[in-house]
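In the working numbering, the protein residues as written are 126 to 247.
Cβ coordinates follow ideal geometry from the N, Cα and C atoms, glycine included.
Worksheet for the structure shown next.
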Amino acid sequence: RMRLQRRQDAALFLQARVRSMQQQVQYHRVRGAVTKVSARLRGVEARRKLATRHFRACQVQAFVRGRQAQARIQREHNAAAHIAAAWKGFYYRHVVRFFQRATRAAALLRGYHTRQALRRHP
C-alpha cells in the first residue's frame, strides 16, 4: 500500500513538474509572439509617421517654392515695367522731340521762303 502511495505521489510530482515546464514553454512562446507583434506594430506606426512627415514636408516645400516663384515673377514684372518706362521716356524725350524739331525747322524754312517770295513778288 505504501508503494502504491509512493508511486502515485511520484507520478503527481512528475506530472506537476512536466505541467510547469509546459507552462513555462507556452509562456515564453506567447511572450516571443507578443514581442514580435508589438515590434511589427511599432514598425507600421513608424513607417506611417515617416510617410506623413514626408508628405507634409513636400506640402511645405511646394508652398514655399510657390511663394518664391510668385515673388520672382513679381520682381521680373517690376523690372520689365521699369525698362518699358525708361524706353518710353527716352522715346518721348529724343525721338518724338526730334520729329517735332524737324517739323519746326521745316515750318521755319517754309515761312522764310514764303516771306522771300513775297518780297520779290509783292
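- In the three-state reduction of the DSSP assignment, H179 falls in the helix class.
- Boundaries for R218: no alpha helix (DSSP H) harbours it, and the DSSP string shows neither H nor E there.
- Collapsing the DSSP output to three states places H202 in a helix.
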